[in-house]
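What follows is a set of notes on a single structure, which appears directly below.
Protein chains: 2
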Amino acid sequence: MDHPHSHGHPGMPELAERLRRSSRKLTGPRHHVLEVLRSEGHPISARALFEALPPGKCDLATVYRSLQLLEEMGMIKRYDLGDGVKRFELLEEGDDGHHHHLVCTRCAGVVEIEDCFMPGLEETIAAHSGFSNITHRLEFTGICPACQSQSQ
Amino acid sequence: MDHPHSHGHPGMPELAERLRRSSRKLTGPRHHVLEVLRSEGHPISARALFEALPPGKCDLATVYRSLQLLEEMGMIKRYDLGDGVKRFELLEEGDDGHHHHLVCTRCAGVVEIEDCFMPGLEETIAAHSGFSNITHRLEFTGICPACQSQSQ
DNA sequence: GTCCCTGCAAATGGTTTGCAGGCGG
DNA sequence: CCGCCTGCAAACCATTTGCAGGGAC
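From first to last, the protein sequence lines are chains A and B. Each step along the first sequence adds one to the number in my numbering, with nothing skipped, and position 145 is 145. Here my numbering runs 1000 ahead of the position in the second sequence, where the first position is 1.
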């Protein structure tokens, strides 16, 4: 259950290709941002990404702009894990990123959960409410094993 | 499915009593904040609450402080609906507020969904992940009937 | 009278934007 | 070259906090 997506994070050439296809440039700063996203594999905040960057390689504002662009292009997905901070995760091509997370309330560690547990539920809700285009966000929180043992 | 909680929003005397029980004061500003929460019945943001207040009756900062206090006391529940804004909803006594929402992505209208669809799921996840104290947040988004008809 | 509470204003933290210069294609 | 990108700084927005005066009990 740990890293259901770690089997195929896109390589840098593929990422560059996807950018080029949208006629966007693969610049130095973007390269570094993608590099961190690629090595991270879990949702990461703009600030955390910035701090993981080689110093001086990319401005914080540019990190935000890159994340915005990559999200629009569908290369990364944004998650709201409930603490008011946006986190982003690299997607494989064709992946819509629909999975859920289990977040530790002490260390903010994130574990992915691969199954989506509500087959047909959105249709049911649509039928009852009259809403259309229904999607959902589901996040779990708890205390991870490491934090459990560290302190009580 | 519309307002599963509208059957019993607490009256002001009961709210005052709950405050007094915690030896907190029922001041003018708090009275007005509670009044808006009571009449609203749906999750409302601090700013929206402030604007619904009679002008000059309560400072914005005090709205935030009141919401913080009421949340600590368990009188209201905070929801993160995904847009980075916290919203608060009045709870009845004994209600833990565990239900989910269906939010319109165009008008931000909110409908409550009373059922929680994951019986036993948290236990399963705990067993698989080793996490403890697991809870979840689940929010649905879509386009409400009114917005569907207004524009395409 | 004693604290709790309040308004005001300033600080904070995450994120966005204006601008002029710079670099990728 | 042209237009997309970038760094820097300032702006923004939701929320929090310091402080001194004021009100509830």
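Glycine included, C-beta positions come from ideal geometry on N, C-alpha and C.
Residues of chain B with a CB under 9 Å from the CB of residue i: which are they?
i	result
Ile113 (chain A)	Ile1125, His1128 and Ser1129
Leu34 (chain A)	None at all; the shortest Cβ gap to chain B is about 25 Å.
Residues of chain A with a CB under 8 Å from the CB of residue i: which are they?
i	result
Leu1102 (chain B)	Ile125, Ser129, Phe131 and Ile134
Compute the beta-carbon to beta-carbon distance between residue i and residue j, rounded to the nearest angstrom, for a pair I have assumed lies under 8 Å.
i	j	result
Glu122 (chain A)	His136 (chain A)	7 Å
Lys86 (chain A)	Ser45 (chain A)	7 Å
Leu81 (chain A)	Glu139 (chain A)	6 Å
Leu1090 (chain B)	Arg1024 (chain B)	Incorrect: roughly 16 Å between the Cβ atoms, too far for contact.
His98 (chain A)	Lys57 (chain A)	Actually they do not touch by this definition, with Cβ atoms about 32 Å apart.
Glu92 (chain A)	Pro10 (chain A)	6 Å
Gly84 (chain A)	Gly1041 (chain B)	Not a contact, Cβ separation roughly 24 Å.
So which residues on chain A does residue i lean against when the C-beta distance must stay under 9 Å?
i	result
Gln1068 (chain B)	The contacting residues do not exist; Gln1068 (chain B) stays about 14 Å from chain A at best.
Ile1143 (chain B)	Phe131, Ser132, Asn133 and Ile134
Arg1024 (chain B)	None at all; the shortest Cβ gap to chain A is about 26 Å.
Identify every residue that forms a DSSP beta bridge with residue i.
i	result
Val1110 (chain B)	B:Val1103
His1032 (chain B)	DSSP output for His1032 (chain B) lists no bridge partner at all.
Tyr1079 (chain B)	B:Arg1087
Thr135 (chain A)	B:Thr1141
Ile1044 (chain B)	B:Phe1088
Inspect the beta-carbon positions of residue i and residue j and report whether they are closer than 8 Å.
i	j	result
Asn1133 (chain B)	Ile125 (chain A)	no
Pro43 (chain A)	Gly1130 (chain B)	no
Ser66 (chain A)	Arg18 (chain A)	no
Glu72 (chain A)	Phe88 (chain A)	no
Thr1062 (chain B)	Thr1105 (chain B)	no
His1101 (chain B)	Val1110 (chain B)	yes
Leu1015 (chain B)	Leu1034 (chain B)	yes
Quick one: which chain B residues come within Cβ less than 8 Å of residue i?
i	result
Gln150 (chain A)	Per Cβ cutoff of 8 Å: no residues; Gln150 (chain A) is ~13 Å from chain B at best.
Leu37 (chain A)	Result: empty, since nearest Cβ-Cβ is about 21 Å, beyond 8 Å.
Counting only Cβ pairs nearer than 7 Å, list the residues of chain A close to residue i.
i	result
Glu1139 (chain B)	His136 and Arg137
Is residue i near the ligand GTP, with its Cβ less than 7 Å from a heavy atom?
i	result
Leu1102 (chain B)	In terms of ligand content, the structure shown is empty, and the ligand GTP therefore cannot be addressed.
For the region 1048-1059 of chain B, list every residue whose C-beta sits within 7 Å of some C-beta in chain A, in sequence order. none
Identify each residue in the region 1012-1023 of chain B for which the Cβ-Cβ distance to at least one residue of chain A is less than 7 Å, and report them in chain order. none
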